[in-house]
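Colleague: The sequence shown: position 523 = 523 (full-length UniProt numbering), numbered continuously. Heads up, the beta-carbon is just placed ideally off N, CA and C, and yes, glycines get one too.
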Amino acid sequence: MMGRRIMLIPISTGVGLTSVSVGIVRALEQKAVKVNFFKPIAQPRKDEIGPEKSTLIVQQGSTIAPPTPFELSYAEQMIGDGKGDDLLEEIVERFEGTVQDDEVAIIEGMVPTRRQPYAGRVNREIAQTLGADIVFVLTPGNDSIDELEDRLEIAAGNYGGVNHPRVLGCIFNKVNAPLDEDGRARADLVDQYKPEELENEMNRLASLPIFRKHPFQLLGAIPWDFDLVAPRVIDLSNYLKAEIINAGDMEHRRLRRVTFCARTVSNILNHFTPGALLVTPGDRSDILVAACLSAMNGTKIGAILLTGGFKPEEKIMTLCEQAMDTGLPILATEADTWRTSLLLHNFNMEVPSDDEQRIERVKQHNARHIDGEWLESLAKGVAKTRKLSPPAFRYLLTDLARRASKTIVLPEGNEPRTIKAAAICGARNIAKTVLLGDREEIERIAQQQGVELNENVTILSPEEELQKYIAPMVELRKNKGLTEVVAAEQLQDNVVLGTMMLAEGQVDGLVSGAVNTTANTIRPPLQLIKTAPGASLVSSVFFMLLPDQVLVYGDCAINPDPTAEQLADIAIQSADSAAAFGIEPRVAMISYSTGTSGQGADVEKVRQATEIAQKKRPDLDIDGPLQYDAAIMENVARKKAPNSKVAGKATVFVFPDLNTGNTTYKAVQRSAELVSIGPMLQGMRKPVNDLSRGALVDDIVYTIALTAIQATQIEE
1 MMGRRIMLIP ISTGVGLTSV SVGIVRALEQ KAVKVNFFKP IAQPRKDEIG PEKSTLIVQQ
61 GSTIAPPTPF ELSYAEQMIG DGKGDDLLEE IVERFEGTVQ DDEVAIIEGM VPTRRQPYAG
121 RVNREIAQTL GADIVFVLTP GNDSIDELED RLEIAAGNYG GVNHPRVLGC IFNKVNAPLD
181 EDGRARADLV DQYKPEELEN EMNRLASLPI FRKHPFQLLG AIPWDFDLVA PRVIDLSNYL
241 KAEIINAGDM EHRRLRRVTF CARTVSNILN HFTPGALLVT PGDRSDILVA ACLSAMNGTK
301 IGAILLTGGF KPEEKIMTLC EQAMDTGLPI LATEADTWRT SLLLHNFNME VPSDDEQRIE
361 RVKQHNARHI DGEWLESLAK GVAKTRKLSP PAFRYLLTDL ARRASKTIVL PEGNEPRTIK
421 AAAICGARNI AKTVLLGDRE EIERIAQQQG VELNENVTIL SPEEELQKYI APMVELRKNK
481 GLTEVVAAEQ LQDNVVLGTM MLAEGQVDGL VSGAVNTTAN TIRPPLQLIK TAPGASLVSS
541 VFFMLLPDQV LVYGDCAINP DPTAEQLADI AIQSADSAAA FGIEPRVAMI SYSTGTSGQG
601 ADVEKVRQAT EIAQKKRPDL DIDGPLQYDA AIMENVARKK APNSKVAGKA TVFVFPDLNT
661 GNTTYKAVQR SAELVSIGPM LQGMRKPVND LSRGALVDDI VYTIALTAIQ ATQIEE
């Protein structure tokens with residue numbers, strides 16, 4: 001197999017080259033294509049120290065191991081000494097020593113700056129030396145169609161012109177970004193702007209004559225998203241060298257706008273919004289107290305920055321204690337307000353290499369806007385990764401959920417994380433959601449969090465809905481002697497109400513558990529929905545997102561001590577779930593003994609379960625008993641189970657009981673700091689899924705996606 005080499009060439013400064021690079025890498029990972037990255041020559045900012053930033057960012061949340069870039073000082077010395085050819089040889093040696101022949105290699109060119117005016121020449125020589133195809137990266141700014149056309153033709157002229165077979169096309173980044181007076185994209189907390197109609201700008205770029213007259217293609221157009229440049233409070237604090245009066249949630253809270261509080265409190269209250277940085281002289285205790293009251297009422301103000309070297313009096317700080325307990329960061333600086341405003345204008349809004357959440361969002365956003373047909377063309381003739389990586393799995397989840405187009409009910413409708421997850425699912429078309437709860441309360445919580453509820457999110461009042469389901473519930477439970485009075489009382493529980501909506505086909509799935517216990521989430525569906533035809537029990541799986549692959553663990557949440565027959569069914573259910581989500585099932589029946597080496601009731605149960613499962617499903621690779629290390633480590637498998645098709649390559653791990661399964665799941669998750677998705681319930685007639693009470697917003701989003709996909713699978 002032959003790989004592909006793609007070199008990204010920036011036409012100017014400020015094009016967001018690294019964000020485009022990581023977007024392409026992520027898009028290829030999502031398609032399970034073997035991909036690598038290479039930044040031949042590091043290009044740090046004047047104040048940057050440590051490892052090269054682009055390479056670090058690419059590695060975040062990815063399994064690739066890029067070559068180390070050459071230091072800029074070394075490259076400049078070689079070029080200055082007339083040893084440019086020697087430098088190119090070293091670049092080739094480093095590239096060929098790391099990048100495999102069957103990979104797509106994304107090569108990031110140098111940005112032409114005043115300090116590195118030679119960047120264009122070096123890029124040409126590297127591209128020619130490595131035999132790379134060329135993709136230009138630029139921002140449209142406020143250029144006209146003719147001006148953009150000229151810029152692209154001039155850039156392509158350095159590589160043989162727009163008709164040269166190695167010149168593939170271009171990617172526009174920062175489409176519709178706010179612009180400075182020179183027409184350059186500017187990410188500025190102080191600037192407030194209203195974006196133009198994005199669709200019109202996208203259509204304008206796609207209409208460039210260069211794309212019709214030549215083989216030169218538009219390979220991506222990435223829209224500006226202000227949320228992707230929102231820095232953490234800690235980033236601003238480090239930049240200003242501010243004194244921290246209250247750290248609060250400064251490591252995670254993000255800043256989306258700046259308000260200079262020079263007016264009276266009554267005239268500035270409407271600026272106390274989620275993500276706002278409130279800048280005020282330190283002696284304006286009225287502003288400080290008002291902001292703290294707003295925070296106590298649930299508004300997640302970004303931070304308060306006190307200027308002029310003034311500190312609040314102790315009695316004022318006592319008044320603010322409850323607000324500080326909500327996580328409100330309060331900073332102080334010696335600079336006056338005017339000097340502070342200048343500093344904020346010059347704040348570097350680029351993504352820090354340690355901001356994992358923002359890096360992940362940038363990767364996902366940019367990956368969505370790279371041309372799909374071009375990605376498919378890159379994948380042809382290139383090796384597919386044997387293991388499904390976490391990025392590929394997450395993409396698969398959201399992509400399958402979009403195609404499913406299902407509606408999921410969320411009984412905990414007034415829970416803040418649930419509201420935010422519903423909004424994300426709606427905005428990304430992952431699923432339509434129904435929030436059960438008081439409309440005013442839900443809308444108030446959404447507003448406090450800065451969350452916009454779109455048309456894909458429906459709010460239903462439980463009091464108004466429950467009357468519809470009394471008679472159907474009585475009919476479902478008539479064998480148990482359920483009366484209308486008792487049914488009406490039970491329907492006061494939103495999980496019961498949501499379950500009845502699911503039973504009656506008003507929604508396609510249910511997700512709960514951010515507040516409710518597992519028992520409270522699962523009991524109503526077991527009573528009202530019941531198990532699927534042919535399912536002897538309900539079990540669960542967790543999807544464990546290891547750095548290089550996704551594994552399935554079952555059952556770690558439901559069945560305390562399954563029999564051999566039940567364990568066999570759990571294995572089959574788990575294998576089918578794995579296959580449904582793109583994971584090739586190789587099932588390991590876990591025990592403390594491998595093969596025939598051990599004796600005892602527990603080992604015998606696993607041995608019997610393995611035999612039963614193999615007879616029921618001869619099409620599946622199922623083996624056991626296997627110890628965990630023999631199941632997952634190839635070197636151990638060669639010694640302990642050399643003839644096994646599963647040992648060392650297992651993707652589905654079936655544990656003998658709940659004690660073993662849950663302990664292993666938590667130990668692996670916590671010790672390796674892994675993301676896990678689940679538990680996903682198996683064997684229900686309609687999909688119901690439970691959340692951990694410590695679930696993050698992303699956990700809820702992916703559980704909603706899982707549930708939507710399950711709904712389609714059950715229908716099929």
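Below 8 Å between beta carbons: does that hold for Glu52 and Pro69?
Modeller: It is a contact, given that the beta carbons lie within the stated cut-off.
Colleague: May I ask you to verify whether the region 535-555 touches the region 503-512, counting CB pairs closer than 8 Å and requiring at least 3?
Modeller: No contact exists between the region 535-555 and the region 503-512.
Colleague: Can you tell me the Cα-Cα spacing of Asp438 and Glu465, whole angstroms?
Modeller: If I take the Cα positions, the gap works out to 12 Å.
Colleague: Quick one: Cα of Ala564 to Cα of Glu611, how far?
Modeller: When rounded, the distance between both Cα atoms is 9 Å.
Colleague: I'd like to know whether the C-beta atoms of Tyr118 and Ile154 end up nearer to each other than 8 Å.
Modeller: Not a contact, by the Cβ cut-off of 8 Å.
Colleague: To the nearest angstrom, how far is it from the Cα of Phe655 to the Cα of Leu706?
Modeller: Going from the Cα of Phe655 to the Cα of Leu706 covers about 22 Å.
Colleague: Could you pull the start and end residues of the beta strand (DSSP E) that Lys432 belongs to?
Modeller: Looking at the DSSP string, the run of the beta strand (DSSP E) that includes Lys432 is 432-436.
Colleague: Can you tell me whether Ala708 is helix, strand or coil according to DSSP?
Modeller: Of the three classes helix, strand and coil, the one that applies to Ala708 here is helix, per DSSP.
Colleague: Strictly by DSSP, which residues pair up with Ala221?
Modeller: BP columns for Ala221 point to Phe172.
Colleague: Would you tell me roughly how many angstroms separate the C-alpha atoms of Val111 and Gly120, rounded to the nearest one?
Modeller: Their backbone Cα atoms lie some 8 Å apart in a straight line.
Colleague: What does DSSP give as the partner residues of Pro281 in its beta bridges?
Modeller: Answer is Thr307, bridged to Pro281.
Colleague: Going by beta-carbon coordinates alone, are Ala27 and Leu375 separated by less than 8 Å?
Modeller: Closer than 8 Å, so yes.
Colleague: Please state the DSSP three-state secondary structure of Gly600.
Modeller: Coil.
Colleague: Give me the Cα-Cα distance between Ser54 and Tyr159, rounded to the nearest whole angstrom.
Modeller: One C-alpha to the other measures close to 24 Å.
Colleague: Do the CB positions of Arg368 and Tyr702 come within less than 8 Å of each other?
Modeller: No, they are not a contact pair.
Colleague: Got a sec, what are the start and stop residues for the beta strand (DSSP E) Phe38 sits in?
Modeller: Taken as a continuous stretch (DSSP letters only), the beta strand (DSSP E) holding Phe38 covers 35-38.
Colleague: What's the C-alpha gap between Phe37 and Gln100?
Modeller: So the alpha carbons of these two residues sit roughly 11 Å apart.
Colleague: Under the three-state reduction of DSSP, which class applies to Gly16: helix, strand or coil?
Modeller: Residue state, collapsed to three classes: coil.
Colleague: Three-state secondary structure (DSSP) at Gln682?
Modeller: Three-state DSSP puts Gln682 in a strand.
Colleague: So, helix, strand or coil for Asp698, using DSSP?
Modeller: Helix, per DSSP.
Colleague: Going by DSSP, name the residue or residues bridged to Tyr553.
Modeller: Answer is Phe542, Phe653, bridged to Tyr553.
Colleague: Ends of the beta strand (DSSP E) at Gly136?
Modeller: Sequence inspection shows Phe at residue 136; the Gly mentioned does not correspond to that position. First-last of the beta strand (DSSP E) with Phe136: 133-138.
Colleague: If you pair each beta-carbon of the region 408-421 with each one of the region 683-699, do three or more pairs fall below 8 Å?
Modeller: Cβ pair count under 8 Å is three or more, so yes.
Colleague: Runs of 3 residues minimum, wholly inside the region 302-366: which ones carry the beta strand (DSSP E) assignment?
Modeller: Listed in chain order, they are 303-307, 330-332.
Colleague: Check whether the region 425-443 and the region 454-462 touch, using three or more Cβ-Cβ pairs below 8 Å as the test.
Modeller: With a cut-off of 8 Å, the region 454-462 and the region 425-443 count as touching, because enough Cβ pairs lie within range.
Colleague: I need the straight-line Cα distance from Lys480 to Val486, nearest angstrom please.
Modeller: Between Lys480 and Val486, the C-alpha separation is close to 12 Å.
Colleague: Using 8 Å for Cβ pairs, my map puts Leu88 next to Thr129. What's the rounded Cβ distance?
Modeller: Right, their Cβ atoms sit about 5 Å apart.
Colleague: Unbroken beta strand (DSSP E) runs of length 3 or more, entirely within the region 452-504: which are they?
Modeller: Whole beta strand (DSSP E) segments, 3+ residues: 457-460.
Colleague: Please go through the same chain and pick out, in chain order, the residues whose beta-carbon is closer than 8 Å to the beta-carbon of Val20, but skip the five residues on each side of it.
Modeller: Excluding sequence neighbours, Val20 sits near Leu8, Val137, Ile171, Asn173, Gly220, Ile222, Asn366.
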